[in-house]
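Undergrad: Sharing a structure with you now.
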Amino acid sequence: MNPILADIYSTILPSAPYIIAAYALLWVALLAYVLIIFRGTKKAEAQLMLLEEAVADRAAKGE
2 MNPILADIYS TILPSAPYII AAYALLWVAL LAYVLIIFRG TKKAEAQLML LEEAVADRAA
62 KGE
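According to this note's numbering, the residues represented by the sequence shown are 2 to 64, in order.
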């Protein structure tokens with residue numbers, strides 16, 4: 002192996018677990034963010050449906 006490459010790999014390879022952990026943490030945080038946004042969207046949709054029903058009821062009563 003090229004001595005320069007051996008030197009580079011010996012420098013980079015010990016830090017590989019930290020890089021893997023950082024990427025894993027990033028993916029977990031991204032997944033949590035998406036789930037929180039998805040849950041908020043579902044809640045907003047449910048509230049919008051209730052509001053639409055209330056408006057339809059008022060329109061049917063002639064108010």
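Don't be surprised by glycine CBs; every beta carbon is placed ideally from N, CA and C.
All of these numbers come straight from a predicted model, not from anything done at the bench.
(1) Would Gly41 count as contacting chain D if we go by Cβ distances under 9 Å?
(2) Assign Met50 to one of three DSSP states: helix, strand, or coil.
(3) Alpha carbon to alpha carbon, how far is Asp8 from Glu46? Give it in angstroms, no decimals.
TA: According to the structure data:
(1) No chain D is part of this structure, which consists of one protein chain only.
(2) Your numbering for residue 50 matches position 49 in the sequence shown. The answer is helix: DSSP assigns Met50 an H, G or I state.
(3) What you label residue 46 is simply residue 45 of the sequence shown in a count that begins at 1. What you label residue 8 is simply residue 7 of the sequence shown in a count that begins at 1. One C-alpha to the other measures close to 57 Å.
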